[in-house]
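What follows is one structure encoded as structure tokens, with my remarks underneath.
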Amino acid sequence: QVQLVESGGGLVQPGGSLRLSCAASGSIFNIYAMVWYRQAPGKQRELVAIIRIGGSTVYADSVKGRFTISRDSAKNTVNLQMNSLEPEDTAVYYCYLDISRRPYWGQGTQVTVSS
């Protein structure tokens with residue numbers, strides 16, 4: 072069994088920063104991709120950032136230059152550093168891991184950007 076545990080969400084003022092983490096535990100062999108998605112109220116879930124097994128990254132245009140995805144392979148953890156946060160970044164953030172070609176989702180963590 073594999074479990075994903077997310078942490079780091081919260082309330083922050085516009086222009087502030089937050090760091091999200093997602094830690095995987097259990098029977099883990101190959102993590103092919105680690106992904107952050109988000110879903111705002113009334114909107115579809117959207118991809119925020121990906122880091123692949125080779126280390127390449129992809130970002131949504133809306134977060135380029137503000138968000139950074141990184142991983143700690145030894146701890147099976149993926150992080151999302153979010154800077155210069157905007158009210159439009161308010162959403163529930165989910166991590167997704169492709170582990171041995173099987174999908175695993177985190178439980179979601181709320182990020183609210185408001186003054």
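My numbering puts the last residue of the sequence shown at 186; the count rises by one with no breaks. Here a beta-carbon is modelled for each residue, glycine too, at the ideal position from N, C-alpha and C. Quick caveat, the model's predicted, so the values are computed rather than measured.
When the Cα atoms are used, Gly177 and Glu77 turn out to be separated by approximately 6 angstroms. Closest in alpha carbon position to Gly87, among Ala120, Ser144, Asp143 and Arg137, is Arg137. One Cα belongs to Cys166, the other to Leu75, and the distance between them is close to 8 angstroms.
For the pair Gln152 and Leu91, the Cα-to-Cα distance works out to about 6 angstroms.
With a 10 Å radius around the Cβ and a threshold of 16 neighbouring Cβ atoms, Ile121 comes out buried.
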